[in-house]
Every structure is written in structure tokens, then in C-alpha cells.
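These notes concern the structure reproduced below.
2 protein chains.
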Amino acid sequence: MLTRIDHVGIAVASLEEAIPRYEAAFGLTVAHQETNEAQGVREAMLLVHKGDTGGSYVQLLEPIREDTPVGKFLAKKGPGIHHIAYGVGDIDSALAALTVAGFDLVNKTPVHGTAGSRIAFMHPKGVGGVLTELVEAPEGH
Amino acid sequence: MLTRIDHVGIAVASLEEAIPRYEAAFGLTVAHQETNEAQGVREAMLLVHKGDTGGSYVQLLEPIREDTPVGKFLAKKGPGIHHIAYGVGDIDSALAALTVAGFDLVNKTPVHGTAGSRIAFMHPKGVGGVLTELVEAPEGH
């Protein structure tokens, strides 16, 4: 079902502070940046590696308000890893299979993700406390 | 410097419980299992994808005692994502470059990692609260 580790989402207080740190440490560069109002974040995707099944990224997430999931995460736990996202070829099939297998989904149907991707989150309780996202890359990616 | 996301390390109370969950959810299978006394863990590597620069894995970590880093993490935060590990081609050069750039290292020289790899951890404070590991795969991998 999974084609790659698409990204690891990291909650940060400030993109302006976090991006230069990742550039300085690892020579990563920003491949994409956008604001996702529905998810309540400003985000930057830093490319780690482009493989045969797509890219793997560090995703830096800055909340746009305190009353957002990432804003609450930062307030409660401080900056750090927020979620992991796996690439899938067909997210509709993947969500159907997970539902049949008894896993609870935060998003029963895909929602808008980074750069036109289709994404869905699984409930952490079903996968050992890990907020887990599935990503179907946009056409042509 | 980075060649891939090598793995995401997930702290679990029990490998026997967590492995079947990841098998059921995503069809992942255990590629490798070992006990690392120095790191204080029993671990299982579940292959997500084998790419041109090496494998990407979910690493499930069960502490061998409570007074280990993962044991303390579990007691304090509960099960969840513990660290992220990036592949590098030459870990000695990578650690030298990070030191020159002013990043603090937990391991100033590489230690024994999964399946004969050479690894080193960076201090979380330098990279936005994220425990970050570098991995040089063993010869021939």
C-alpha cells in the first residue's frame, strides 16, 4: 500500500527561524511553501530526496492561530515531530482498505494537502499514538 | 548531505502488539529485528520502500528497561514518534560539517546502529526540538 515516506511533519513556532536552521544543518532547500487555511498552518516542504516513487520531505509547520491542531500541539508539547506521512498510489483504495481492516480515520474522504495532493489522516489511537497521514501526489508528480 | 529518510523511530510498549498493527494497517513486513543493548531497545525495522539510495523504514522501538532513553520517553510522553533518521553517504564527513556549522552532537563519533549501520544522534535543541539521527548504511547496502 505504501510507496514511500512522503514527509515528516515538524511543528515549529516560526518558519523564518526554522527554515534557515534546516538549510544550515543539512543543506536542504525549500521546494514549496503555502498556507493551508483548512489545516491551520503555514508550511514549507524541504526536499530530502527525490526517488523513483516521489519525493521525501521535511515539512515544517507553523500554526496560523493558537486554536489550530498544530497551535495546540505547540502549546502542549513544544516544537517537535507532529506526524508522519506515507505516500500511496491510490488514496481512495487505501482508505477503503483501512476502513475494512477496522482502522479509524480522521478524514473518511481525502482533503486538500500540500501542492494539490489528496491527503487523509488516520486516528493516532489505531497506530500506536502516531498521527499518521496518507498522501496521494497530484497528477504528474 | 542527506540521501533519504532512513527511518522514523516510534516508541512502543510492546513489539508483539505493535508489529501486527503495522502489518494489518499497511501490509508492512519486518525486514530486520535485533536488540541494541547500548541504545537500550529491542527494535523491529518494517520496510516502507526500497529506493535507489537505500531503504526507508518504520522502526518500532521497545525499551529493554525503564531507565533507558526510550523507556523514559514512554513514561513521560506515552507511545509515539521518538526520532527521525536521515541517510548519509559518509557519516564522518557529515558529523565534521555539522560540528563546523555549530550543531551539537550527542554522538561526536559514530556508534553501532541497526544491522551494522554507523549512526550518530544530534542534540534536539539545535534542530527545533527534534531528536535527529544520521545513518550510514553498512557496506554493500
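As given, the protein sequences belong to chains H and F, one line each in that order.
Everything in the first sequence is counted per my numbering, starting at 35 for the first residue and increasing by one.
Everything in the second sequence is counted per my numbering, starting at 35 for the first residue and increasing by one.
For every residue, glycine included, the Cβ atom is placed at its ideal position computed from N, Cα and C.
From a predicted model like this one, the values you see are computed outputs, not experimental measurements.
### Query
What does Ser90(H) touch in chain F if you count any residue whose Cβ is under 8 Å from its own?
Result: Arg38, Ile39, Ser90.
### Query
Quick one: is Arg152(F) near chain H, going by C-beta distance under 9 Å?
In terms of beta-carbon proximity, Arg152(F) stays away from the interface with chain H, with every pair separated by 9 Å or more.
#### Entry: Within-9 Å CB hit, Gly162(H) to chain F
Interface residue, yes.
### Task
Assuming Gly88(F) contacts Leu81(F) (C-beta within less than 8 Å), just tell me the rounded distance between them.
At roughly 11 Å, the Cβ-Cβ gap does not stay under 8 Å, so Gly88(F) and Leu81(F) are not in contact.
### Query
CB-CB under 6 Å to Lys106(F), same chain, minus the five flanking residues each way: which ones, in chain order?
none
### Task
Spell out whether any CB of chain F is found under 9 Å from the CB atom of Phe155(H).
no
### Query
Given that Pro97(H) touches chain F, what residues does it touch there, using C-beta distances under 8 Å?
The contacting residues do not exist; Pro97(H) stays about 14 Å from chain F at best.
### Message
According to DSSP, simplified to helix, strand and coil, what is Pro113(H)?
### Response
In the three-state reduction of the DSSP assignment, Pro113(H) falls in the coil class.
### Query
Could you check where the alpha helix (DSSP H) with Ser127(F) kicks off and where it finishes?
Taken as a continuous stretch (DSSP letters only), the alpha helix (DSSP H) holding Ser127(F) covers 125-134.
### Option nearest Leu36(F) by Cα separation, candidates Ala58(H), Ser48(H), Ala130(H)
Ala58(H)
#### Entry: DSSP-derived helix/strand/coil call for Lys106(F)
helix
### Task
Report yes or no: is there a C-beta of chain F within less than 9 Å of the C-beta of Gly61(H)?
It does; some Cβ of chain F falls within 9 Å.
### Task
Let me know if Gly163(H) comes out buried or exposed under the rule of 16 or more other beta-carbons within 10 Å of its beta-carbon.
buried
### Query
Can you round the beta-carbon distance between Val169(F) and Val122(F) to whole angstroms, since I take them to be within the 8 Å contact cut?
7 Å
### Message
Using C-beta distances below 8 Å, list every residue in its chain close to Pro158(F), excluding the 5 sequence neighbours before and after it, in chain order.
### Response
Val164, Leu165, Thr166
### Query
Which chain F residues are close to Ala52(H), counting only those with a beta carbon under 7 Å from its beta carbon?
Gly162
### Task
Output the residue ranges of the alpha helix (DSSP H) runs that lie fully inside the region 45-115 of chain H and measure 4 residues or longer, sorted by chain position.
You should have 49-60, 103-111.
### Query
Listing by chain order, which chain H residues have their CB less than 7 Å from the CB of Gly112(F)?
Gly163
### Task
Go through its chain and collect everything with a Cβ distance to Ala109(H)'s Cβ below 8 Å, but skip five positions before and after it.
Glu100
### Query
With respect to the beta strand (DSSP E) encompassing Val169(H), which residues constitute its N-terminal and C-terminal limits?
166-170
### Query
Nearest to Ile98(F) by CA position, among Pro172(F), Leu49(F), Arg152(F), Val161(F), is which residue?
Leu49(F)
### Query
So is Ile127(F) buried or exposed if we call it buried at 16+ other beta carbons inside 10 Å?
For the record, residue 127(F) in the displayed sequence is Ser; it is not Ile. Exposed, because fewer than 16 other Cβ atoms sit within 10 Å of the Cβ of Ser127(F).
### Message
Please return the same chain residues whose Cβ sits closer than 6 Å to the Cβ of Asp138(F), not counting the five positions on each side in sequence.
### Response
His157, Gly160
### Message
According to DSSP, Ala11(F) sits in a beta bridge with which residue or residues?
### Response
Residue 11(F) is absent from the model: chain F starts at 35 and stops at 175.
### Query
Using a Cβ-Cβ cut-off of 8 Å (strictly less than) and excluding sequence neighbours within five positions of Val153(F), which residues of its own chain qualify?
Checking the sequence shown, residue 153(F) turns out to be Ile, not Val. The answer, listed in chain order, is Ala119, Ile125, Asn141, Pro144, Val145, His146, Gly147, Glu167, Leu168, Val169, Glu170.
#### Entry: Check whether Val42(H) and Val42(F) have beta carbons under 9 Å apart
yes
### Host beta strand (DSSP E) of Phe155(H) (start-end)
152-156
### Interface flag, Ile44(F) vs chain H, CB-CB below 9 Å
yes
### Query
Given that a residue counts as buried once 16 or more other Cβ atoms are within 10 Å of its Cβ, and exposed if not, what is Pro172(F)?
exposed
### Message
Let me check one thing: in DSSP terms, what residues is Val145(F) bridge-paired to?
### Response
Ile153(F)
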